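Q: This is the structure I want to talk about, given as structure tokens.
There are 2 protein chains.
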Amino acid sequence: MAKSDTHMTMRVVNHIRGMIETGGLQPGDRIPPEREFARKLRISRASLRTGIGYLAAMGVMDVRHGVGTFVADGPPEIGKSSLSLLGALHGFQSWQMFEARRILESELAALAAERGREHHFASLSEEVAEMYATVANPMDYLIHDIRFHRVIAQASGNPILAALMETITSALYDERRKTAERSRDLKESADLHREIYRAIRSRNAADARTVMTRHLTMAQSAQDMEATSGEPKSVARSRKTGKRADEA
Amino acid sequence: MAKSDTHMTMRVVNHIRGMIETGGLQPGDRIPPEREFARKLRISRASLRTGIGYLAAMGVMDVRHGVGTFVADGPPEIGKSSLSLLGALHGFQSWQMFEARRILESELAALAAERGREHHFASLSEEVAEMYATVANPMDYLIHDIRFHRVIAQASGNPILAALMETITSALYDERRKTAERSRDLKESADLHREIYRAIRSRNAADARTVMTRHLTMAQSAQDMEATSGEPKSVARSRKTGKRADEA
DNA sequence: ACTTCGGAGAGGTCCGACCACTAGAATACA
DNA sequence: TGTATTCTAGTGGTCGGACCTCTCCGAAGT
Chain E
1 MAKSDTHMTM
11 RVVNHIRGMI
21 ETGGLQPGDR
31 IPPEREFARK
41 LRISRASLRT
51 GIGYLAAMGV
61 MDVRHGVGTF
71 VADGPPEIGK
81 SSLSLLGALH
91 GFQSWQMFEA
101 RRILESELAA
111 LAAERGREHH
121 FASLSEEVAE
131 MYATVANPMD
141 YLIHDIRFHR
151 VIAQASGNPI
161 LAALMETITS
171 ALYDERRKTA
181 ERSRDLKESA
191 DLHREIYRAI
201 RSRNAADART
211 VMTRHLTMAQ
221 SAQDMEATSG
231 EPKSVARSRK
241 TGKRADEA
Chain W
1001 MAKSDTHMTM
1011 RVVNHIRGMI
1021 ETGGLQPGDR
1031 IPPEREFARK
1041 LRISRASLRT
1051 GIGYLAAMGV
1061 MDVRHGVGTF
1071 VADGPPEIGK
1081 SSLSLLGALH
1091 GFQSWQMFEA
1101 RRILESELAA
1111 LAAERGREHH
1121 FASLSEEVAE
1131 MYATVANPMD
1141 YLIHDIRFHR
1151 VIAQASGNPI
1161 LAALMETITS
1171 ALYDERRKTA
1181 ERSRDLKESA
1191 DLHREIYRAI
1201 RSRNAADART
1211 VMTRHLTMAQ
1221 SAQDMEATSG
1231 EPKSVARSRK
1241 TGKRADEA
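If you read the protein sequences in the order shown, they are chains E and W. Going by the numbering used here, the first residue of the first sequence is number 1, and it counts up by one from there. Going by the numbering used here, the first residue of the second sequence is number 1001, and it counts up by one from there.
What follows is the structure, encoded as structure tokens:
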């Protein structure tokens, strides 16, 4: 994991990495134009672009056509776009994604109960109110649902876990974004969110974790039911060998 | 997340994605040589390469100089090399990584207790034995330590969580790979691993989770102590604004 | 002021040549 | 015969330089 010499790609990556680690490059900053930067690093523009592409794929750089290349701003993203690809490749099952989400979010809720601040609680309260107000409109409801969970992730005080959650949930939505839930379910869902909110606000970590687990378990079975009645196929496809994960 | 038309990169990515999703491309398979493939897709070799580079950065493709380009084999990797970069960029704290690891591995241990199979238990047992045998050699000990945790991840039956764990632990080792622990600590560590093993083998999920949590908490304080006595600097550097993570 | 137009500057794509690496075939040697 | 060496075809890596497209913003026109 060193190879600073060969491989132009790594040369670029390490150079920029160094600029970031020494604080010379911060989120939102712009790097020099490709032609100029390439000249400075004594490499071709093509090679420079390879390196930048690598960093952009990992969410570290943000390339904007006609504008420039910037260090990524906003919340960190860990392999956000890769999980669905990897999922198709390794045949991830839907229940595995739900399980991962359930585990992450439950702990996130517990942490939020311990470390959340007043403005987080205020946001959560507001989103819950909006959820009740939009039970008749699944599209709008979903927006507040997502925001609710996102606020909890922020309130947990752990951006790494928050990023992991973001990765999984986006892959989950990617898989089945249709799932137009019925209003009756949404009412129940809103009730659960309210319970979660109360547990967090009263700093009851154990309850927050428990209710969040219950909420996500229900959400999973709801989707499973809908999937079963529709097309009974799983995410996984037939594979050449099904035992790759068992080797050392 | 569609844009199949413009952007050559996405055209390539989506094409290969399609080949994977329809099962026409499986792990280990080789894609055509760049020149030929580019001609087939009616795009330049350069554009094809940017697309492949994107997929390679996400761990979906494996490009081997002088040999060919293959669909990634082996266990899935989610942003494995990106976390340390992202960490430097967003100022992830060491304790946050430890916390994420603790949460993931604790649940992984619990799941392993529920779903582990005989051959997993056998592997765990063997690694524990090796750990006791190498308490005097931190270098060798570490190998078995890592393998022990990896077997648990496999035994959990959830490759997604396993991949996330892999991502975090590798970033953790990346940060401080020196930490030559003392033999006395290793003996205690081995004892804890043995306890974890026993809990898992006896299918006691609660105990497995508890002991794993204890183990990782101890490991963290051990490293913290060592770090404090040495250089009292944190992973984070000074930032322009410290409130980026709080916006909607 | 407001709108429109155009140009500067940035990234995106392409071409075609050449370099570097790998694996296996062909060859030389013991 | 068996083994070591060399050669070579095939494949990814790098290069430079031409040209296209997109954004932004200021100048000109209304």
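All C-beta atoms in this analysis are idealised placements derived from N, C-alpha and C, irrespective of residue type, glycine included. A quick note: this is a predicted structure, and the numbers were derived from the prediction, not measured.
From the beta carbon of N14/E, is the nearest beta carbon of chain W less than 7 angstroms away?
A: no
Q: Assign M1058/W to one of three DSSP states: helix, strand, or coil.
A: It is coil, neither helix nor strand.
Q: Measuring straight from C-alpha to C-alpha, what distance separates S1238/W and G23/E?
A: Only weak support exists for where S1238/W lies, its pLDDT of 39 falling under 50; the coordinates are left without a value.
Q: Under a three-way DSSP split, which group does V128/E fall into?
A: helix
Q: Between which two residues does the alpha helix (DSSP H) carrying V1012/W extend?
A: Its alpha helix (DSSP H) spans residues M1008 to E1021.
Q: Checking 7 angstroms against the spacing of the C-beta atoms, do I1043/W and L1108/W come in under that value?
A: no
Q: Buried or exposed, going by whether 16 or more other CB atoms sit within 10 Å of the CB of K1080/W?
A: buried
Q: Please tell me whether, using a cut-off of 6 angstroms, the distance from the CB of L164/E to the nearest non-hydrogen atom of the ligand NAP is below it.
A: Of the ligands one can find in the structure shown there are none, so the ligand NAP has no counterpart to examine.
Q: From which residue to which residue does the beta strand (DSSP E) around F1070/W run?
A: Element bounds for F1070/W: G1068 to V1071.
Q: State the CB to CB distance for the pair Q61/E and F70/E, rounded to an integer number of angstroms; the pair is presumed to be in contact (CB under 8 angstroms).
A: For the record, residue 61/E in the displayed sequence is Met; it is not Gln. With 8 angstroms as the limit, M61/E and F70/E qualify as a contact, their Cβ atoms being about 7 angstroms apart.
Q: Tell me, please, which residues DSSP counts as bridged to V1063/W.
A: In the DSSP secondary-structure assignment, V1063/W is bridged to T1069/W.
Q: Do you know offhand how far S170/E's Cα is from K1187/W's?
A: C-alpha separation (whole angstroms): 43 angstroms.
Q: Using 10 angstroms around the beta-carbon of V1211/W, count the other beta-carbons present and answer buried if the total reaches 16, otherwise exposed.
A: Flag for V1211/W reads buried.
Q: Please classify T50/E as buried or exposed, where buried requires at least 16 neighbouring CB atoms within 10 angstroms.
A: buried
Q: For A206/E, decide whether its Cβ has a neighbour in chain W, counting only Cβ atoms nearer than 7 angstroms.
A: no
Q: In the DSSP assignment, what residue or residues form a beta bridge with I52/E?
A: Its beta-bridge partners do not exist; DSSP assigns none.
Q: If you measure from the beta carbon of I1052/W to each beta carbon in chain E, is any gap under 7 angstroms?
A: no
Q: Can you give me, in chain order, the residues of the stretch 1101 to 1112 of chain W that have a beta carbon less than 7 angstroms from any beta carbon in chain E?
A: Residues I1103 and E1107.
Q: In chain W, which residues lie with their C-beta within 7 angstroms of the C-beta of G79/E?
A: M1058, I1078, G1079 and S1082
Q: Would you kindly report the start and end of the unbroken alpha helix (DSSP H) that includes L25/E?
A: Note, L25/E: premise wrong, no alpha helix (DSSP H); not H, not E.
Q: Run through DSSP, which three-state label would F37/E get?
A: helix
Q: Under the three-state reduction of DSSP, which class applies to A112/E: helix, strand or coil?
A: helix
Q: Please classify G242/E as buried or exposed, where buried requires at least 16 neighbouring CB atoms within 10 angstroms.
A: Low local confidence applies: a pLDDT of 34 at G242/E is under 50, so the model's placement there is unreliable, and no value is given.
Q: Could you check where the alpha helix (DSSP H) with V151/E kicks off and where it finishes?
A: P138 to A155
Q: Looking at E127/E and F148/E, is the spacing between their C-beta atoms short of 7 angstroms?
A: Yes, Cβ-Cβ distance for F148/E and E127/E is below 7 angstroms.
Q: If M1077/W and A1163/W are in contact, beta carbons under 8 angstroms, what's the gap, nearest whole angstrom?
A: Here the sequence assigns Glu to residue 1077/W, which means Met is not the residue at that position. Right, their Cβ atoms sit about 6 angstroms apart.
Q: In terms of residue numbering, what span does the alpha helix (DSSP H) encompassing G249/E cover?
A: Nothing about residue 249/E can be reported from this structure: the residues present for chain E run from 1 to 248 only.
Q: Between the stretch 14 to 31 of chain E and chain W, which residues of the former have CB atoms less than 7 angstroms from a CB of the latter, in chain order?
A: If the cut-off is 7 angstroms between Cβ atoms, the stretch 14 to 31 of chain E has R17, I20, E21, G23, Q26 and P27 near chain W.
Q: Whose C-beta lies closer than 6 angstroms to the C-beta of K3/E among residues of the same chain, with five residues either side of it excluded?
A: Unreliable placement is indicated for K3/E, whose pLDDT of 45 sits below 50; no coordinate value is reported for it.
Q: Taking the straight line between their C-alpha atoms, what separation do you get for M1008/W and H1119/W?
A: In a straight line, the C-alpha of M1008/W is about 47 angstroms away from that of H1119/W.
Q: Just curious, the alpha helix (DSSP H) that I1160/W is in, first and last residue?
A: Boundaries of the alpha helix (DSSP H) harbouring I1160/W: P1159 to E1175, taken from the DSSP string.
Q: Assuming A208/E contacts A112/E under a Cβ cut-off of 8 angstroms, what Cβ separation, rounded to an integer in Å, is found between them?
A: Contact flag correct, Cβ pair sits at about 7 angstroms.
Q: Going by other Cβ atoms of all chains shown within 10 Å of its Cβ, with 16 needed for buried, is M1225/W buried or exposed?
A: exposed
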